[in-house]
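Residue numbers (my numbering), protein chains in the order written: chain A, -8 to 107; chain B, 40 to 152. Backbone N, C-alpha and C define an ideal beta-carbon position, used for all residues, glycine too. All values derive from a computational prediction rather than experimental measurement. Written below as structure tokens is the structure these notes are about.
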Amino acid sequence: AQKVTQAQTEISVVEKEDVTLDCVYETRDTTYYLFWYKQPPSGELVFLIRRNSFDEQNEISGRYSWNFQKSTSSFNFTITASQVVDSAVYFCALRGISGGYNKLIFGAGTRLAVHP
Amino acid sequence: SAVISQKPSRDICQRGTSLTIQCQVDSQVTMMFWYRQQPGQSLTLIATANQGSEATYESGFVIDKFPISRPNLTFSTLTVSNMSPEDSSIYLCSVEVQGNTQYFGPGTRLTVL
């Protein structure tokens, strides 16, 4: 079975703090993709990053960075120097491709509140 | 990426009625997806819509309740039939492009009274 666990339901930080959102996944597929999406209060789901299972190189994009570790089945997301505009619900998702299976499995989401 | 629009953006409906949600994408795509997001919850896939074939529904979702049309490669509709307050959710469509990434529309916020 495929599963994504985001154990942190809500996180509250003060502006400029660093924050890490955890994501742990389960899959038997050897080839799969991992994603992070942001859902601001407006409700739209915004794509942030995709990682395939063969690429464990960490990625940095501005204040955002992602740490992918296959050994621990984790794909964590760090926001450096958080800002109020980062307040949103963040979803981690898994996509497997075995047998034509291409459904996105979402975690429960982590609600991040950044206070001034 | 893809630019996706949905209509309506929100609606308030009476119990027992039906609502059809439209999803339009700015490029031709093979697969379109419909998701439901109940209040405070994560996204759950309702069905996958391929052009020219019947939609594939996930466990717990049936065609009679959520009929889907996919008349061409840029458009799809989802109907929420015989609505009850439990159907109050955000309904999102998505498409998969460029290396297996799904992009989402802005969503339709449905309230059923």
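Option nearest A:Gly53 by Cα separation, candidates A:Glu1, A:Val(-5), A:Ala72, A:Ser44: A:Ala72
Proximity to B:Gly144 [Cα-Cα], best of B:Leu152, B:Ala86, B:Tyr130: B:Tyr130
Test: B:Ser81 CB closer than 9 Å to a CB of chain A: yes
Environment of A:Leu12 [buried if 16+ CB atoms lie within 10 Å]: buried
6 Å Cβ shell around A:Ser64 - same chain, five flanking residues per side excluded: Val15, Tyr16
Neighbour list for B:Ile129 in chain A, Cβ cutoff strictly below 8 Å: Gly34
Option in A:Lys29, A:Leu36, A:Gly100, A:Phe59 with minimal Cα separation from B:Gln80: A:Gly100
Whether B:Asn89 touches B:Thr83 by CB criterion (9 Å): no
Exposure of B:Val101, with buried meaning 16 or more beta-carbon neighbours within 10 Å: exposed
Top-ranked residue by Cα proximity to A:Thr69, from A:Thr18, A:Thr(-4), A:Tyr24, A:Leu103: A:Leu103
Test: A:Phe97 CB closer than 9 Å to a CB of chain B: yes
Residue-level contact to chain A via CB, B:Pro145, 9 Å cutoff: yes
Contact set between the stretch 82 to 103 of chain B and chain A, restricted to residues whose Cβ is under 9 Å from the partner: Leu82, Thr83, Leu84, Thr87, Glu97
Whole-number beta carbon distance between B:Phe72 and B:Arg133, since they are thought to touch under 8 Å: According to the sequence as given, residue 133 of chain B is Ser; it is not Arg. B:Ser133 to B:Phe72, Cβ: 5 Å. Contact.
Contacting positions in the stretch 42 to 73 of chain B - beta carbon closer than 7 Å to chain A: none
In DSSP terms, what B:Ile43 is bridged to: B:Val64
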